[in-house]
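Structure, as structure tokens:
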Amino acid sequence: MAGRLEGKVAVITGGGSGIGRATAERFAEEGADIVIADIQDDRGQESVAAVEERGRKAIYVHCDTSREVDNEAMGDAAVEAFGQIDICVAAAGISHAQYVSGADPTEVNPLTPSVDSTIGFVENKEVGYWEKVLAVNLTGVMLTDRAVVRRMLAKGNPGSIVNIASGAALLPMPGDAEYAVSKAGVWSLTRTLSVELASRGIRVNAIGPGVIETPMTQMWTDDESWMAAYTENNPLGRLGQPLDIANTALFLASDESSFFTGELLQPNGGVFTG
Amino acid sequence: MSGRLDGKIALITGGASGIGRACAERFAEEGANIALSDIHDDKGQETVAAVEALGQKAIYCHCDTTDENEIEAFAQAAVDAFGQIDVVVAAAGISHAGYDSGNIAADIEAFSEGYANPTASALVSLEVEQWAKVIDVNLTGVMLTDRAAARQMLANGDQANGGGGASIINIASIAARHPQVGSIPYTTSKAGVWMLTKSLAEDLGRHGIRVNAIGPGFIETPMTQLMQEFEEAQQPTMALTPMGRMGQPIEVANTALFLASDESSFYTGQMLHPDGGFFAG
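Protein chains in written order, with the working numbering: chain Y, 1 to 274; chain R, 1001 to 1281.
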């Protein structure tokens, strides 16, 4: 049986864990070969192994997405290994300036329920923190998209770009303005890119996940009272799983979404429907 | 090979043509059996034949979705035939009070004045019967469809725990967000479908029933015949569609397939837009 992404090549940033890892695995199940990019090399290699277990090829590229040269080198490595790029999932991101995936220093995370969120209020904001989050979450996505689009256009093949934004693109995040602003920026970038590229066969969409059980939401999911309130207010009464986002990315990556561009899809359990 | 809707039962209104028929065929390809309704019986039977040709079962019911007795009878017929309802696609709708699917003369009559006098106020010449008809079919009809289906789903036991989950999909329109793309009653009715969808997501989520909407852009169906036939009707909207083309019914059906399947199990209260990038959001 032919997979829904049979023979396609997908570049996935942040592919070492969470949404990126789940997307790599799901895409491999549907027949895609994968370029995994991350800054955590060991976990990136684990994702490569997970793709190979599913019978597809994968390479790992160390890539700090906030660095122009790293994104361009990733694009080159993808084309060298697989000939072209059909799909891009820009999933690399951080929730706050000091975030480390899998080892979040929750005591300085303004979103941690036991931490006084006013440490992160704009009146107390260190500009370096603001710049760091925008560099990774917004400039990083632009640089990744740019590197991929350049190679899609050079080759002349159609493509689908999926930017991982957040529900925070549309909602306030007291204590973490830079995260909300960066994700709103990703959504705006997505819309502009979609128009720039529509006539050239490249679709650009975004996903705005709700609370997904990944390393990035551990400061919430480890907290009993936070979870009780969340479950109470969520129509579907559960956390999202990385697979929920991977299935959304699969829909947007595949030809089944051929009339979608410039859209934000929100797998969030119904917590926000604005 | 197992389909993505194997063993599921889908109830589809407006199933005789356009988006409704495309959904019936696409769902059948993925293993669903279909209960479909329409007011055009001959074309409804053609859809039944199309589903059967794909190896699945289908029943047809004549049903005016604005008549609560007819829609309740349709949902009951679906359960009588197939035992339960897992998926709903509420696709029945009209673009203006005189709409008659496949009859382009009615569209020309309804819209010619607007094309001739694009700056004239449509409100001042709007008759309340025209308003009421569109709201009745497009909004009340969807509520009645969703209610009839939800009653059957919940009578069959709570869908949340061991029930496998159920999915209701309401066909709205980009008109739910953009006033430029239809008559005043049409855009208002579709905005109503969007809020109905969000309210039902809250109401039914705890019971394991997800409720989402699709807001298509301009799709090649009987409803957009005027745009397909006349360049001057198509040009203004294509200018706002970055992809520069009309969509195909299959593109909406594939969106409905995503929302019907378990791959969208964390979606409720959302509206998806296969719209070619119309206004980019």
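Built from N, CA and C at the ideal position, the CB exists for glycine as well.
As the structure is a prediction and not an experimental result, all values here were calculated from the model.
*Between 1003(R), 1234(R), 1135(R), 1057(R), which lies nearest to residue 1097(R) when the distance is taken from Cα to Cα?*
Residue 1097(R) sits at position 97 when you count from the first residue of the second sequence. Of the candidates 1003(R), 1234(R), 1135(R), 1057(R), the one whose C-alpha sits nearest the C-alpha of residue 1097(R) is 1135(R).
*asked:* Give the list of continuous alpha helix (DSSP H) stretches no shorter than 4 residues that lie fully inside the region 136-206 of chain Y.
replied: Within the region 136-206 of chain Y, complete alpha helix (DSSP H) segments of at least 4 residues are found at 140-155, 177-197, given in chain order.
*Go ahead and pull the three-state DSSP assignment for residue 1271(R).*
As a working mapping, residue 1271(R) is identified with position 271 in the second sequence. It is a strand residue.
_Using a 10 Å radius around the Cβ and a threshold of 16 neighbouring Cβ atoms, would you call residue 1115(R) buried or exposed?_
Here residue 1115(R) corresponds to residue number 115 of the second sequence, with the count starting at 1. The residue is exposed, with fewer than 16 neighbouring Cβ atoms inside 10 Å.
*Write down the C-beta distance between residue 1089(R) and residue 1171(R) rounded to the nearest angstrom, noting that I regard them as a contact closer than 8 Å.*
Taking the second sequence and counting its residues from 1, the one referred to as residue 1089(R) is at position 89. Taking the second sequence and counting its residues from 1, the one referred to as residue 1171(R) is at position 171. Separation of the CB atoms of residue 1089(R) and residue 1171(R) is rounded to 7 Å, and the pair is thereby assigned contact status at 8 Å.
*Say whether the region 1209-1217 of chain R touches the region 1165-1182 of chain R, bearing in mind that this needs 3 or more beta-carbon pairs closer than 8 Å, one atom from each stretch.*
Output reads yes: the region 1165-1182 of chain R touches the region 1209-1217 of chain R.
*Name the residue from 1173(R), 1046(R), 1021(R), 1069(R) whose alpha carbon lies nearest to the alpha carbon of residue 1147(R).*
The sequence position of residue 1147(R) within the second sequence is 147, counting from 1. If we check each option's Cα against that of residue 1147(R), 1069(R) comes out closest.
*From which residue to which residue does the alpha helix (DSSP H) around residue 100(Y) run?*
Within the first sequence, residue 100(Y) is the residue found at index 100, counting from 1. Membership of residue 100(Y) in any alpha helix (DSSP H) is not indicated, and neither H nor E is assigned to it by DSSP.
_My output table needs one value for residue 1197(R): the three-state DSSP class, helix, strand or coil._
What you label residue 1197(R) is simply residue 197 of the second sequence in a count that begins at 1. Three-state DSSP puts residue 1197(R) in a helix.
_Backbone CA spacing between residue 54(Y) and residue 25(Y) [nearest angstrom]_ = Taking the first sequence and counting its residues from 1, one reaches residue 54(Y) at position 54. Taking the first sequence and counting its residues from 1, one reaches residue 25(Y) at position 25. Distance between the alpha carbons of residue 54(Y) and residue 25(Y): 8 Å.
_For residue 1037(R), list the residues DSSP reports as bridge partners._
Here residue 1037(R) refers to the residue found at position 37 of the second sequence. In the DSSP output, where bridge partners are listed per residue, residue 1037(R) has 1013(R), 1061(R).
_Does the contact criterion of 3 or more C-beta pairs under 8 Å hold for the region 1035-1042 of chain R versus the region 1227-1240 of chain R?_
Flag = no, the region 1035-1042 of chain R and the region 1227-1240 of chain R do not touch.
_Separation of residue 1156(R) from residue 1052(R), as counted between CA atoms_ = Your numbering for residue 1052(R) matches position 52 in the second sequence. Your numbering for residue 1156(R) matches position 156 in the second sequence. Those two C-alpha atoms are separated by around 26 Å.
*Would you tell me roughly how many angstroms separate the C-alpha atoms of residue 316(Y) and residue 4(Y), rounded to the nearest one?*
The displayed coordinates of chain Y run from 1 to 274. Any statement about residue 316(Y) would go beyond what the structure contains.
*May I ask you to list, following chain order, the residues of the region 1218-1252 of chain R that have a beta carbon less than 7 Å from some beta carbon of chain Y?*
For the region 1218-1252 of chain R, the set of residues with a beta-carbon nearer than 7 Å to any beta-carbon of chain Y comprises 1242, 1243, 1244, 1247, 1251, in chain order.
*Rounded distance between the beta-carbons of residue 1030(R) and residue 1005(R), thought under 8 Å*: Reading the second sequence from its first residue, position 5 is the one you call residue 1005(R). Reading the second sequence from its first residue, position 30 is the one you call residue 1030(R). The beta-carbon separation of residue 1005(R) and residue 1030(R), rounded to 4 Å, stays under the 8 Å limit for a contact.
*Using a cut-off of 9 Å between C-beta atoms, extract the partners of residue 1206(R) located in chain Y.*
Translated into the one-based positions of the second sequence, residue 1206(R) becomes position 206. Within chain Y, the residues near residue 1206(R) are 235, 236, 237.
*Looking only at C-alpha atoms, which of 68(Y), 28(Y), 66(Y), 69(Y) sits nearest to residue 59(Y)?*
To locate residue 59(Y), count along the first sequence from 1; it is residue 59. Closest by alpha carbon: 28(Y).
*Answer with buried or exposed for residue 1251(R), where buried requires no fewer than 16 other C-beta atoms within 10 angstroms of its C-beta.*
By one-based count along the second sequence, residue 1251(R) stands at place 251. Answer is buried; the Cβ neighbour count reaches 16.
*Near residue 105(Y), which residues of its chain fall below 7 Å by C-beta distance, leaving aside the five closest residues on each side in sequence?*
If you number the first sequence from 1, residue 105(Y) lands on position 105. So the list reads 98, once near-sequence residues are dropped.
*Below 8 Å on the Cβ atoms is my guess for residue 261(Y) versus residue 1153(R); work out the distance and round it to an integer in Å.*
Residue mapping note: residue 261(Y) aligns to position 261 of the first sequence, counting from 1. Residue mapping note: residue 1153(R) aligns to position 153 of the second sequence, counting from 1. That pair is no contact at about 34 Å.
*Thinking just about the alpha-carbon of each residue, which of 84(Y), 180(Y), 231(Y) is nearest to the one in residue 1205(R)?*
Your numbering for residue 1205(R) matches position 205 in the second sequence. Of the listed residues, the one whose Cα sits closest to residue 1205(R) is 231(Y).
*Looking at residue 209(Y) and residue 1269(R), is the spacing between their C-beta atoms short of 9 Å?*
As a working mapping, residue 1269(R) is identified with position 269 in the second sequence. As a working mapping, residue 209(Y) is identified with position 209 in the first sequence. No. Outside cutoff.
*Any idea which residues DSSP pairs residue 1212(R) with across the strands?*
In the second sequence, counting from the first residue as 1, residue 1212(R) sits at position 212. Paired residues: 1169(R).
*residue 1100(R): which of 1217(R), 1120(R), 1018(R), 1158(R) sits nearest, CA to CA?*
What you label residue 1100(R) is simply residue 100 of the second sequence in a count that begins at 1. For residue 1100(R), the closest alpha carbon among the candidates 1217(R), 1120(R), 1018(R), 1158(R) is that of 1018(R).
*Is it true that the CB of residue 1174(R) sits closer than 9 Å to the CB of residue 1258(R)?*
Position 258 of the second sequence, counted from the start, is the residue given in the question as residue 1258(R). Position 174 of the second sequence, counted from the start, is the residue given in the question as residue 1174(R). Contact flag unset, no.
*Is the CB of residue 1008(R) under 9 Å away from at least one CB in chain Y?*
Here residue 1008(R) refers to the residue found at position 8 when the second sequence is read from its first residue. Not closer than 9 Å to any Cβ of chain Y, the Cβ of residue 1008(R) fails to qualify, so no.
*Which class does residue 255(Y) belong to by DSSP, given the choice of helix, strand or coil?*
As a working note, residue 255(Y) is residue 255 in the first sequence. Note: residue 255(Y) maps to helix in three-state DSSP.
*asked:* Strictly below 9 Å CB to CB, what residues from chain Y border residue 1126(R)?
replied: On the second sequence, residue 1126(R) is found 126 positions in, with the first residue counted as 1. The contacting residues do not exist; residue 1126(R) stays about 29 Å from chain Y at best.
*Candidates 215(Y), 265(Y), 45(Y): which alpha carbon is nearest residue 204(Y)'s?*
Residue mapping note: residue 204(Y) aligns to position 204 of the first sequence, counting from 1. Closest by alpha carbon: 265(Y).
*Excluding the 5 residues preceding and the 5 following residue 14(Y) in the sequence, name in chain order all residues of the same chain whose CB lies nearer than 7 Å to its CB.*
If you number the first sequence from 1, residue 14(Y) lands on position 14. Excluding sequence neighbours, residue 14(Y) sits near 20, 38, 91, 92, 93.
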